[in-house]
Amino acid sequence: MRLHASLLGLLFMALAAAIYGYTHTFPAFPGQRYGPELFPRVISAGIFACGLVLLARGWRSGQAWLGLDPALREPRQLGSFLAMVGAIVFYLVAAERLGFLPTAAIIVAALSFWFGARAWVALLVGVLASAVIHWAFSSLMRVPLPRGWFMQIVAGG
Amino acid sequence: MVALQAAFGLVFDPFVLMVILLSAVFGLFVGAIPGLTATMATALLVPVTFFMPPVPALGAIVTATSMAIFAGDIPGAMLRMPGTPASAAYVDESYAMAKKGQLELNLGVNLVFSVLGGLIGVLFLIVAAPLLAEAAINFSSFEYFWLACLGLSCATMISTGHRVMALLSMLLGLAIGTIGIDPVAGHPRFTFGNIDLMSGVSFIPTMIGAFAISELLRNGVAGEGGASLVQDKVGALFKGIGGVGRRYWRGFLRGSVVGTAIGALPGAGADIAAWVSYAMAKRFSREPEKFGTGHIEGVVESTSSNNAAIGGAWIPALVFGIPGDSITAIVIGVLYMKGMNPGPSVFLQNPQFIYAVFVIFVLANLLMLPLGWLAIKAAGKLLRAPRQLLMPIILLFCIVGSFAITNSPYGIIVMLVFGLFGWWMEENGIPVAPLVLGMVLGEMLEQNFMASMIKADGNFLTFFTRPIAGVLGVVTLGVWAWMAVRGVRDSMRRVAPA
Chain A
13 MRLHASLLGL LFMALAAAIY GYTHTFPAFP GQRYGPELFP RVISAGIFAC
63 GLVLLARGWR SGQAWLGLDP ALREPRQLGS FLAMVGAIVF YLVAAERLGF
113 LPTAAIIVAA LSFWFGARAW VALLVGVLAS AVIHWAFSSL MRVPLPRGWF
163 MQIVAGG
Chain B
1210 MVALQAAFGL VFDPFVLMVI LLSAVFGLFV GAIPGLTATM ATALLVPVTF
1260 FMPPVPALGA IVTATSMAIF AGDIPGAMLR MPGTPASAAY VDESYAMAKK
1310 GQLELNLGVN LVFSVLGGLI GVLFLIVAAP LLAEAAINFS SFEYFWLACL
1360 GLSCATMIST GHRVMALLSM LLGLAIGTIG IDPVAGHPRF TFGNIDLMSG
1410 VSFIPTMIGA FAISELLRNG VAGEGGASLV QDKVGALFKG IGGVGRRYWR
1460 GFLRGSVVGT AIGALPGAGA DIAAWVSYAM AKRFSREPEK FGTGHIEGVV
1510 ESTSSNNAAI GGAWIPALVF GIPGDSITAI VIGVLYMKGM NPGPSVFLQN
1560 PQFIYAVFVI FVLANLLMLP LGWLAIKAAG KLLRAPRQLL MPIILLFCIV
1610 GSFAITNSPY GIIVMLVFGL FGWWMEENGI PVAPLVLGMV LGEMLEQNFM
1660 ASMIKADGNF LTFFTRPIAG VLGVVTLGVW AWMAVRGVRD SMRRVAPA
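Protein sequence lines, in the order shown, are assigned to chains A and B. Per this note's numbering, residue 13 is the first one in the first sequence, and the count goes up by one each step. Per this note's numbering, residue 1210 is the first one in the second sequence, and the count goes up by one each step.
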């Protein structure tokens, strides 16, 4: 999503104001002149100044208020973008319950299929890739990947 | 000498050598695939290296990045697509050579001069880093404050695109760096009661998001098909290299030195080094009219330069904890995780680790010759790797890697947020690299700033009283003034013609 420079400037000025405002909730430490609020305030001043420059710059440009990357206007590209974001969200939602292996296999197989692989190839690669990655991270590096229903059924607990 | 011996012992261990070899293959592969960058290779490697001792972990990163920067040249010549941004500067030149039937000469030169340039960069690292560390041992918070400021200023000054955008990106990085327990009083800031955020935004998942996920979102699927190789089989590679070396040794040396220097400057890495060196080669050439028509001269200089930059970037990273490029920004995160806080004291307390890095660097560059040769010979197959299968696997790897750092979905959420944010920033012309630099340097900057402010009791002039701090301070202010003047002049010029 491409924003007009002035909008971008306003956005960052608002962010800077929010940071500055929030620093007032930090406690003061008696006997110390500079507390945890000083550094964030300096940064917020900098962000505010950059926002002002952007606002001024946008004023003179004939840019559209909102734009979209031309590549994303193609339905297929937009679909790929959403598919990848969706895959990550799907993992977050499903992995704990389903278990790592089926979730990962579904993600790789579905994405490969969407990108144009043949169905059986996509399925095969999904199963193989998730198995190899599971082995590497779970067995070699002892990362506690989610077990979920799948492992309960396969390994009996 | 004992430390050097210990370093050799640490490196020439079967496990470490195996890690180096595997990382080399990984680096060559990632570098040769357009759309996958050396920084991305590093971000993907880190979750794996997380579970290793420091030496193999650093060895993996050093080797993979050196290989990736070279391997980026292969698709440049064969497909006219740079494998990594560091090869973009001379992609047209290489492709023009390939079209003229000089693919072998081009790839041979790229390989040999990548190795030689890389070695020169390492040589500078080996000589300069310990000397600087000796000087830096007496630095106080004032010097470190100015160094961090200077590093951040350089990063915004050199960055591509609008300077305001780079500055903004850097400030956002600093702001994100303030999330978590503050380093002076121990008060949680901007955590909104979230326990995961107490220790700050997890750095490695951020990197994976900003450098790998955003890249996948941007061009993971674009540019598929349509590309055809210039030729399938690659013949004898090393024919004619000697002649090129005798003719253009000056350019090679200039490229290597300039590359090292640019690598050492915070915020600028191999890609900018290659652009600068290509331009310099053209300016100093006796036959500049041949540039762009498939002329080897510019390739020699810039391919040496981008590999030299890798070693150069480690100089400020090891000595001051200030990253020279986005790869070493990740390396500094790794060093902190391993409890080896970068800085001059590492050179005193753990010199064997520093020497081990040097040894690995030399080894990686020497290994590049045979492995790079193999990669070029296999390029036909390598470049036909099915992207539709590769991209989903990389995505899965990112997810698991981010999870492995935090052992909780928190890492994946951070990755997703920064993947989308990084993509959105690039969409709006805000470069991502300064953000990462700001995040890495944020804590160091704040700690030294606060310590200095408390020492100076708020008197800013005290920041200039120590000799080195004074010089660094004046230079930093000079850089700021220069940027301000340029900014005002640019905006005046933009108004005038209207």
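Just so it is clear, CB atoms sit at the ideal spot from N, CA and C, and this is done for glycine as well.
C-beta neighbour in chain A for residue i, strict 8 Å
i, result
"T1615/B", "no"
"P1618/B", "yes"
"G1432/B", "Its pLDDT being 48, under 50, G1432/B is placed unreliably by the model, and nothing is read from it."
"M1659/B", "yes"
"A1394/B", "yes"
"G1682/B", "no"
"F1399/B", "yes"
"N1637/B", "yes"
"E1601/B", "Residue identity check: residue 1601/B is Pro in the sequence provided, not Glu. Interface residue, yes."
"F1627/B", "no"
"T1387/B", "yes"
"A1483/B", "no"
"F1447/B", "no"
"D1391/B", "yes"
"A1419/B", "no"
"W1633/B", "yes"
"E1655/B", "yes"
Per-residue DSSP class, three states only, for residue i
i, result
"P1294/B", "helix"
"K1586/B", "helix"
"A1594/B", "coil"
"R1675/B", "coil"
"D1405/B", "helix"
"S56/A", "helix"
"A1518/B", "helix"
"Q1561/B", "helix"
"K1547/B", "coil"
"R1492/B", "helix"
"Y46/A", "coil"
"A1707/B", "With a pLDDT of only 39 at A1707/B, under the threshold of 50, the placement of this residue in the model should not be trusted, and no figure is reported."
"M1276/B", "helix"
"G1667/B", "coil"
"G1435/B", "Caution is warranted here: a pLDDT of 44 is assigned to G1435/B, below 50, making its placement in the model unreliable, and the coordinate value is therefore given only provisionally. Of the three classes helix, strand and coil, the one that applies to G1435/B here is coil, per DSSP."
"A121/A", "helix"
"D1441/B", "coil"
"E86/A", "coil"
"P1579/B", "helix"
Cross-strand partners of residue i (DSSP beta bridge)
i, result
"L15/A", "L78/A"
"I1390/B", "P1397/B"
Close-in-space but distant-in-sequence residues of the same chain around residue i (CB under 7 Å, 5 per side omitted)
i, result
"A1538/B", "P1532, V1645, L1646 and V1649"
"L1710/B", "Since the displayed chain B opens at 1210 and closes at 1707, residue 1710/B lies outside it and no answer follows."
"F1606/B", "L1253"
"M1653/B", "Y1353, A1357 and G1530"
"I134/A", "Note on identity: in this sequence residue 134/A is Ala, with Ile being the wrong assignment. Cβ within range, chain order: A121, S124 and F125."
"I1519/B", "T1274, S1275, I1278, G1327, G1330, G1472 and A1479"
8 Å Cβ cutoff, residue i in contact with chain B
i, result
"R109/A", "no"
"F38/A", "yes"
"A106/A", "no"
"Y32/A", "no"
"I145/A", "yes"
"M163/A", "no"
"S151/A", "no"
"F102/A", "no"
"I119/A", "yes"
"P42/A", "no"
"V166/A", "no"
"G177/A", "Residue 177/A lies beyond the range of chain A shown here (13 to 169); nothing can be said about it."
"G98/A", "no"
"A29/A", "no"
Contact set for residue i: own chain, Cβ-Cβ below 8 Å, skip 5 residues either direction
i, result
"L1625/B", "G1418 and I1422"
"T1400/B", "I1388, G1389, L1406 and M1407"
Near the ligand NAP: residue i beta-carbon under 7 Å from a heavy atom
i, result
"E86/A", "The model depicted lacks the ligand NAP and carries no ligand whatsoever."
Contact set for residue i: own chain, Cβ-Cβ below 6 Å, skip 5 residues either direction
i, result
"P1207/B", "Here chain B covers residues 1210 to 1707 and nothing more, so residue 1207/B does not appear."
"L1267/B", "V1566"
Query raised in the report: In the stretch 122-139 of chain A, which residues sit with their C-beta less than 7 Å from some C-beta in chain B, listed in chain order?
Result: Of all residues in the stretch 122-139 of chain A, L123, S124, F127, G128, A129 and V137 have a Cβ within less than 7 Å of some Cβ in chain B.
Query raised in the report: Taking Cβ-Cβ distances below 7 Å as the criterion, which residues of the stretch 15-26 of chain A are in contact with chain B?
Result: Interface annotation for the stretch 15-26 of chain A against chain B: L15, L20 and F24, criterion Cβ-Cβ distance under 7 Å.
Requested in this report: Residues of the stretch 1233-1260 of chain B with a CB closer than 9 Å to any CB of chain A: list them in chain order, please.
Outcome: The stretch 1233-1260 of chain B vs chain A, Cβ under 9 Å: P1256, V1257, F1259 and F1260.
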